[in-house]
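Data first, discussion second: the structure below is written as structure tokens.
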Amino acid sequence: MFAKTFSAGILGIEAFLVEVEVDITRSGLPTLHMVGLAEGAVKESKERVLAALKNCGFKLPSSRITINLAPADQRKEGSLFDLPLAIGLLAGSEVLPLQVLNQYILAGEISLTGELRPIAGALPIALLARQKGFRGVILPQQNALEAAVVQDIDILGVKTLVEVVNFFNNSNTLTPIKVDVAEIFTKRQHFWIDFAEVKGQETAKRAIEIAAAGGHNLLFVGPPGSGKTMLAQRIPTVLPPLSFEEALEVTKIYSVSNQLGENTPLIVHRPFRSPHHTISDAGLIGGGRYPRPGEVSLAHRGVLFLDELPEFKKNVLEVLRQPLESGEVTISRAAISLRYPANFMLVAAMNPCPCGYLGDEKHTCTCTLNQIQRYRSRLSGPLLDRIDLQVEVPAVDYKHLRSPKNGLNSETMRSRIIEARKIQQVRYRKENLPFLTNSELSGKWLQHFCPLGHQEHDFLEQAVNRLGLSARAYTRILRISRTIADLEGREYINSEILAEAISYRFLDRKEQLLG
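Residues in the sequence shown are numbered consecutively from 1088, following the numbering used here.
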């Protein structure tokens, strides 16, 4: 007897259709063979499935069984094929009717007692089912809310294998799970942190506002305890809210990484990831024997915060160059090449020197000039080239700490940032350009959208010559100036705006002093 069920595999953050073909014949010795490029967990699934069927009271005939996972040239991994294998074996044994099996995609891990356990990638699987015209998806109950974000198909959450069998035999009904996506967005939780809690550091707040408005990467330089981490943690509170399409992108990444909570059907806040400096390059960029998204992809559409930036291994930092340039990560293996989205805002923090107190009025720096230069040389030119704003974050004095007056709050900053983003979207849409923010400007478009008058050219030329700024610093200054002008609602860039933009190239100016 031949039977076929449908399931799905995961490739990157997308799902692809897998046909689970089961052939049961009474001729030959009783054996069970599985073909179709199945990896370790899939090969082991036959033992789990056979034990689960026996413990649930189902008896398979003593026959020769061949299972094929098509397409046979596409690698399959994970435990989600347990459920379609079990249903296929029962259908091939004439326990289940064949007519309704082609209406649903099945996915789920089965325990030895027949209980269904959660899987990774439920959201991409549900999207695939809608795209391919299936009636619905049957999967573990723990994954049902996540998959139910996809509208116009039936999402059936089940607890046991027996429930699925009874459903196909019409002996019980399953109620489709529904999720109100609009309600999830309207009930978006408020942040429990706010920039109003940050005492002093108005210059750093202004730099954050500019960075968030233009999508610029940002580096904080300051002594220990000056508030660099505190500032970085509050950046998501001022970023524009996620759209539904962006939320789907982020949720798919967390779904395939198996990092989505059972009661979190959709991620509606921009991610904030802060990996430790001991992280490996595979942990940061993604990869492994069976590739998984790294921290840069988990920070997609949000913030990646790297504290103590020079303490990261150099090879780890160098792999950041591709995602910072292209907004995605490509992981290549001998038999496969995967792409993960990685469009994030990089925020980094570092001390000005190894001891941390260079330029601090209250502490004496104990570092030699060679030590300082060696410390800063851990950051390569190509990496710094991709960080637009370099901001000094000095220690906060007691007068500011005890002041009852609150500084600029997140709500005010956020409203101004959203308005600046709208200006950019309108500007680039008129020209049919793929740019979304000023941080993407380069080449002729940089000159086109950042025109300077004679007075402004003279001012910038004097600054470049006096401070010894590089060509890359010149480009960054123009980008930052464009964003400052957008925040202030100005069409043209004047000398005051240029002066402010130059002030955010802290390391470039300090290099001249150290040199």
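Each residue gets a CB set at the ideal place from its N, CA and C atoms; glycine is no exception. Since the model is a prediction, treat every value here as computed from it, not as a measurement.
Discussion item. Is the separation between the beta-carbon of Gly1309 and that of Pro1439 shorter than 9 Å?
Written reply: Within the sequence shown, residue 1309 is the residue found at index 222, counting from 1. Within the sequence shown, residue 1439 is the residue found at index 352, counting from 1. Yes; because the gap between Cβ atoms is below 9 Å, this pair is in contact.
Item to complete: Might you give, ordered along the chain, the residues of its own chain that have their beta carbon closer than 7 Å to the beta carbon of Lys1265, omitting 5 neighbours on each side?
Response: If you number the sequence shown from 1, residue 1265 lands on position 178. Its chain contains Ala1235 as the residues whose beta carbon lies nearer than 7 Å to that of Lys1265, once the 5 sequence neighbours on both sides are disregarded; these appear in chain order.
Worksheet item: Val1122: buried (16+ other C-beta within 10 angstroms of its C-beta) or exposed?
Response: Position 35 of the sequence shown holds residue 1122. Val1122 should be labelled exposed.
Worksheet item: Going straight from the alpha carbon of Phe1254 to that of Leu1261, what length do you get?
Response: Position 167 of the sequence shown, counted from the start, is the residue given in the question as residue 1254. Position 174 of the sequence shown, counted from the start, is the residue given in the question as residue 1261. Roughly 7 Å separates the two Cα atoms.
Worksheet item: How long is the line joining the alpha carbons of Lys1461 and Glu1233, rounded to whole angstroms?
Response: Counting from one through the sequence shown, the residue named residue 1461 turns up at place 374. Counting from one through the sequence shown, the residue named residue 1233 turns up at place 146. The amino acid at residue 1461 is misidentified as Lys; the sequence shows Arg. Looking at the two C-alpha atoms, the distance is approximately 49 Å.
Fill in: Which of helix, strand or coil DSSP assigns to Lys1246
The count along the sequence shown starts at 1 and reaches residue 1246 at position 159. Coil.
Worksheet item: Does the Cβ-Cβ distance between Ile1111 and Phe1089 come in under 9 Å?
Response: Numbered from its first residue, the sequence shown carries residue 1111 at position 24. Numbered from its first residue, the sequence shown carries residue 1089 at position 2. Yes, the Cβ-Cβ distance between Ile1111 and Phe1089 is below 9 Å.
Discussion item. With a threshold of 7 Å on Cβ separation, who are the neighbours of Asp1169 within its own chain once the five nearest residues in sequence on each side are excluded?
Written reply: Reading the sequence shown from its first residue, position 82 is the one you call residue 1169. In chain order, Ser1132, Arg1135, Val1136, Gly1195, Glu1196, Ile1197 place their CB closer than 7 Å to the CB of Asp1169, counting only its own chain and leaving out the 5 sequence neighbours on each side.
Discussion item. Rounding to the nearest angstrom, what Cα-Cα distance links Phe1272 and Val1237 in this structure?
Written reply: The count along the sequence shown starts at 1 and reaches residue 1272 at position 185. The count along the sequence shown starts at 1 and reaches residue 1237 at position 150. Computed Cα separation, rounded: 15 Å.
Item to complete: For Pro1481, collect the residues of the same chain with a Cβ closer than 7 Å to its Cβ; drop the 5 residues on either side in sequence, then sort them by chain order.
Response: Within the sequence shown, the letter at position 394 stands for residue 1481. Counting only Cβ-Cβ distances below 7 Å, and skipping sequence neighbours, we find Gly1309, Ser1313.
Worksheet item: Once you ignore the five residues that flank Ile1474 on each side, which residues in its own chain have a CB closer than 6 Å to its CB?
Response: For this step, residue 1474 is matched to residue 387 along the sequence shown. The answer, listed in chain order, is Asn1304, Leu1306.
Discussion item. Taking the alpha-carbon of Ala1435 as reference, which of Cys1442, Ser1361, Arg1113 has the nearest alpha-carbon?
Written reply: Residue mapping note: residue 1435 aligns to position 348 of the sequence shown, counting from 1. The candidate whose alpha carbon is nearest that of Ala1435 is Ser1361.
Item to complete: Return yes when the Cβ of Ala1572 is within less than 9 Å of the Cβ of Ala1550, no when it is not.
Response: Stepping through the sequence shown from its first residue, residue 1550 is reached at position 463. Stepping through the sequence shown from its first residue, residue 1572 is reached at position 485. Ala1550 is not a Cβ neighbour of Ala1572, given a cutoff of 9 Å.
Fill in: Continuous alpha helix (DSSP H) stretch holding Asp1169: start and end
The residue given as residue 1169 occupies position 82 in the sequence shown. Segment 1169–1179, the alpha helix (DSSP H) holding Asp1169.
Worksheet item: If you run the structure through DSSP and keep just helix, strand and coil, what is Thr1092?
Response: The residue you call residue 1092 lines up with position 5 of the sequence shown. Correct three-state label for Thr1092: strand.
Worksheet item: In chain order, which alpha helix (DSSP H) runs of at least 4 residues are fully inside the segment 1514–1570?
Response: Counting only runs of 4 or more, we get 1530–1536, 1541–1554.
Item to complete: Identify which residue in Met1317, Pro1327, Gln1218 has its Cα closest to the Cα of Ile1504.
Response: Within the sequence shown, numbered from 1, the residue matching residue 1504 stands at position 417. Ranking Met1317, Pro1327, Gln1218 by Cα distance to Ile1504 puts Pro1327 first.
Worksheet item: Asp1595 to Arg1559, Cα distance in whole Å?
Response: Counting from 1 along the sequence shown, the entry for residue 1595 is found at position 508. Counting from 1 along the sequence shown, the entry for residue 1559 is found at position 472. Spanning the two alpha carbons is a distance of roughly 10 Å.
Discussion item. I'd like the span of the alpha helix (DSSP H) that includes Asp1368, first residue to last.
Written reply: Along the sequence shown, read from residue 1 onward, the residue named residue 1368 stands at position 281. From DSSP, the alpha helix (DSSP H) with Asp1368 extends over 1368–1372.
Discussion item. Output needed for Arg1604: all residues of its chain with C-beta closer than 7 Å, excluding positions within five of it in sequence on either side, in chain order.
Written reply: Outside the displayed range of the chain (1088 to 1602) lies residue 1604, so it cannot be described from this structure.
Worksheet item: Among Asn1493, Gln1288, Ala1213, which residue has its Cα nearest to the Cα of Pro1352?
Response: Within the sequence shown, residue 1352 is the residue found at index 265, counting from 1. Closest option to Pro1352, judged by alpha-carbon separation, among Asn1493, Gln1288, Ala1213: Ala1213.
Discussion item. Please return the same chain residues whose Cβ sits closer than 6 Å to the Cβ of His1450, not counting the five positions on each side in sequence.
Written reply: The residue labelled residue 1450 in the question sits at position 363 within the sequence shown. Within the same chain, and ignoring the five residues on either side of His1450 in sequence, the residues whose Cβ sits closer than 6 Å to its Cβ are Tyr1444.
Practice prompt. Count the other CB atoms, across all protein chains shown, that sit within 10 Å of the CB of Glu1108; report buried if there are 16 or more and exposed otherwise.
Written response: Indexing the sequence shown from 1 puts residue 1108 at position 21. Buried, since its Cβ has 16 or more Cβ neighbours within 10 Å.
Discussion item. Taking the beta carbon of Ile1280 as the centre, do at least 16 other beta carbons fall within 10 Å, making it buried, or is it exposed?
Written reply: Here residue 1280 is taken as the residue at index 193 of the sequence shown, counted from 1. Exposed: under 16 other Cβ atoms inside 10 Å.
Worksheet item: Alpha carbon to alpha carbon, how far is Leu1601 from Arg1463?
Response: Taking the first residue of the sequence shown as position 1, residue 1601 is located at position 514. Taking the first residue of the sequence shown as position 1, residue 1463 is located at position 376. Here the model assigns Leu1601 a pLDDT of 45, short of 50, so the residue's position is not dependable and the matter cannot be decided.
Discussion item. Considering just the uninterrupted stretch of the beta strand (DSSP E) at Glu1202, what are its terminal residues?
Written reply: As a working mapping, residue 1202 is identified with position 115 in the sequence shown. Looking at the DSSP string, Glu1202 is not in any beta strand (DSSP E), and its letter there is neither H nor E.
Worksheet item: Between the Cα of His1277 and the Cα atoms of Leu1396, Val1325, Ser1590, which residue gives the shortest distance?
Response: Numbered from its first residue, the sequence shown carries residue 1277 at position 190. Measuring from the Cα of His1277, the nearest candidate turns out to be Val1325.
Item to complete: On the DSSP bridge assignment, give the partners of Gly1223 in chain order.
Response: Indexing the sequence shown from 1 puts residue 1223 at position 136. Assignment of beta-bridge partners to Gly1223 by DSSP yields Tyr1191, Asp1241.
Worksheet item: At which residues does the alpha helix (DSSP H) containing Arg1388 begin and terminate?
Response: Here the question's residue 1388 lines up with position 301 in the sequence shown. No alpha helix (DSSP H) holds Arg1388; DSSP gives it neither H nor E.
Discussion item. Using 9 Å as the threshold, is the C-beta distance between Ala1369 and Ile1354 below it?
Written reply: Working through the sequence shown from its first residue, we reach residue 1369 at position 282. Working through the sequence shown from its first residue, we reach residue 1354 at position 267. No; because the gap between Cβ atoms is not below 9 Å, this pair is not in contact.
Practice prompt. Consult DSSP for Asp1484 and reduce its assignment to one of helix, strand or coil.
Written response: Along the sequence shown, read from residue 1 onward, the residue named residue 1484 stands at position 397. Asp1484 carries a coil assignment under DSSP once its states are collapsed to helix, strand and coil.
Worksheet item: Per DSSP, which one or two residues make a beta bridge with His1120?
Response: Position 33 of the sequence shown, counted from the first residue, corresponds to residue 1120. According to DSSP, which records beta bridges pairwise, His1120 is partnered with Thr1153.
Discussion item. Please report whether the beta-carbon of Asp1169 lies at a distance below 9 Å from any beta-carbon of chain D.
Written reply: Absent from the structure: chain D. Only one protein chain is present.
Discussion item. On a Cα-Cα basis, can you pick out the residue from Lys1286, Val1285, Pro1171, Arg1275 that is closest to Val1251?
Written reply: Reading the sequence shown from its first residue, position 164 is the one you call residue 1251. The shortest CA-to-CA distance from Val1251 to any of Lys1286, Val1285, Pro1171, Arg1275 is the one to Pro1171.
Discussion item. With H, G and I counted as helix, E and B as strand and the rest as coil, what does DSSP make of Leu1214?
Written reply: By 1-based counting over the sequence shown, the position of residue 1214 is 127. Helix at Leu1214.
Item to complete: Drop a sphere of 10 angstroms on the beta-carbon of Gly1576, count the other beta-carbons inside from all chains shown, and report buried for 16 or more, exposed for fewer.
Response: Sequence index remark: in the sequence shown, residue 1576 carries index 489 (1-based). With fewer than 16 other Cβ atoms within 10 Å, it is exposed.
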